[in-house]
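J.:
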Amino acid sequence: MAEPGVSMTAAGPASHVDLVPLLAQLEEERALSENIRTKAKDIEAVQRQLQAGLNRVHSTPAEQVPQLVFSLSPLFTQLRSQIHSVAALVPANQFYKWNDCWSFSLQRSSYCACLAYWLTTGRLITKEQAAQLLGLDAQSSPENVGRMELTTEEYLHSLISMINDFSRLAVNAVTMADFATPLRLSEFVKELHAGFGVLNLKNDSLRKRFDSIKYDVKRVEEIVYDVSLRGLLKDRSPEWDQRGLGVIVDEERRAQVWAALCGTGKDER
């Protein structure tokens with residue numbers, strides 16, 4: 008005789024475990040994951056074009072670099088468009104569930120934003136500014152809130168990538184007889200390295216990459232030391248502040264640069 012509350016079948020007690028309804032949810036999530044990853048590849052494709060364009064700075068005279076960066080403004084516009092397309096696929100308030108689908112591409116995109124901003128203003132772009140340049144700030148893109156954002160870790164990774172690139176940039180600047188740039192880079196990377204030093208980074212990929220910065224700092228310092236030994240800094244004067252890459256610009260010029268990079272105004276070349 009069956010116990011009360013337990014249904015019987017010819018094979019024995021009927022199971023109350025039914026996972027069939029979850030099959031549709033599982034298939035739906037798999038399809039969404041595939042769509043997001045496919046769209047994220049479009050971000051990566053534009054980012055690679057942007058990075059290739061910025062790599063030309065290594066063989067471009069310093070006075071022509073602002074024009075080079077401004078010529079890439081349409082790619083920043085395309086990048087924002089692709090980022091918005093991915094964000095539109097993400098269900099509301101599910102950012103952390105899907106972040107791995109695009110995190111690396113967004114990190115590299117942020118690196119492009121950091122480098123472009125430093126090359127044209129001589130200043131470090133903030134996390135909030137980088138997010139705005141990528142179209143991920145809450146003010147201009149409220150629809151993306153809870154769906155897609157630039158995380159602090161992604162921003163810090165992009166800064167480290169920029170520092171890694173600066174050691175190579177210092178070498179190439181010297182080959183083009185630009186001795187002001189290594190001096191400026193040396194000061195900048197040392198300040199950034201000190202800034203990272205106050206962060207309590209755990210023993211993860213970010214910490215490991217931070218530990219590698221000291222080698223880039225040392226390499227840039229060695230370049231400056233070598234240039235100094237060769238007597239190439241003897242004619243250093245206040246005019247050097249306006250030579251080379253990363254020259255600090257005034258507020259008016261910075262506003263013009265920002266408008267050009269964000270696609271909200273004419274580029275000033």
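To get my numbering, take the position in the sequence shown, counting from 1, and add 7.
Even glycine gets a Cβ: it sits at the ideal position worked out from N, Cα and C.
#1: Classify Phe-186 as helix, strand or coil using the three-state DSSP reduction.
#2: Are Leu-141 and Leu-157 close, meaning C-beta to C-beta below 8 Å?
#3: Taking only runs that begin and end inside the stretch 37 to 90, name each unbroken alpha helix (DSSP H) of 4 or more residues, in chain order.
#4: Helix, strand or coil: how does DSSP classify Pro-28 here?
#5: Let me know if Arg-243 comes out buried or exposed under the rule of 16 or more other beta-carbons within 10 Å of its beta-carbon.
#6: Whose C-beta lies closer than 6 Å to the C-beta of Val-227 among residues of the same chain, with five residues either side of it excluded?
#7: Go ahead and pull the three-state DSSP assignment for Leu-33.
#8: Since Met-169 and Leu-206 should fall inside the 8 Å C-beta cutoff, what is the C-beta to C-beta distance between them, to a whole number of angstroms?
#9: Taking the beta carbon of Asn-151 as the centre, do at least 16 other beta carbons fall within 10 Å, making it buried, or is it exposed?
#10: Hey, out of Arg-37, Gly-153, Glu-198 and Gln-56, whose CA is closest to Pro-81's CA?
#11: Tell me, to the nearest whole angstrom, how far the beta carbon of Ala-69 is from that of Leu-252; I am working on the premise that it is less than 8 Å.
#12: Secondary structure at Asn-179, three-state DSSP: helix, strand or coil?
#13: What residue range is occupied by the uninterrupted alpha helix (DSSP H) comprising Ser-117?
#14: Taking only the alpha-carbon atoms, compute the straight-line gap between Trp-265 and Ala-59 and give it to the nearest angstrom.
#15: Compute the beta-carbon to beta-carbon distance between Ser-110 and Ile-50, rounded to the nearest angstrom, for a pair I have assumed lies under 8 Å.
#16: Identify, in the order they occur along the chain, each residue of the same chain with its Cβ nearer than 7 Å to the Cβ of Asp-144, setting aside the five sequence neighbours on each side.
#17: Starting from Arg-237, trace the alpha helix (DSSP H) both ways and give me its first and last residue.
#18: In angstroms, rounded to a whole number, what distance separates the CA positions of His-23 and Glu-41?
#19: Under 8 Å, with one C-beta from each stretch per pair, do the stretch 86 to 93 and the stretch 201 to 216 reach the 3-pair mark?
#20: For Arg-250 and Ala-262, what's the separation of their Cα atoms in angstroms?
#21: Quick one, which of Pro-73, Leu-163, His-200 and Ala-52 has its alpha-carbon nearest Thr-133's?
#22: Under the rule that 16 or more other beta-carbon atoms within 10 Å means buried, what is Val-27, buried or exposed?
#23: CA-CA distance, Ser-165 and Gln-114?
#24: From this set, Leu-239, Thr-159, Tyr-222 and Arg-216, which residue's C-alpha is nearest Thr-182's C-alpha?
T.: So, from the listed chains and residues:
#1: coil
#2: yes
#3: 72 to 77
#4: helix
#5: exposed
#6: Ser-174, Ala-177, Leu-192, Ser-193 and Val-196
#7: helix
#8: Not quite, the Cβ-Cβ distance comes to about 16 Å (not below 8 Å), so this is no contact.
#9: buried
#10: Gln-56
#11: 5 Å
#12: helix
#13: 110 to 128
#14: 21 Å
#15: About 11 Å; that fails the 8 Å criterion.
#16: Glu-135 and Ala-138
#17: Segment: none, Arg-237 is in no alpha helix (DSSP H) and carries neither H nor E.
#18: 33 Å
#19: no
#20: 21 Å
#21: Leu-163
#22: exposed
#23: 6 Å
#24: Leu-239
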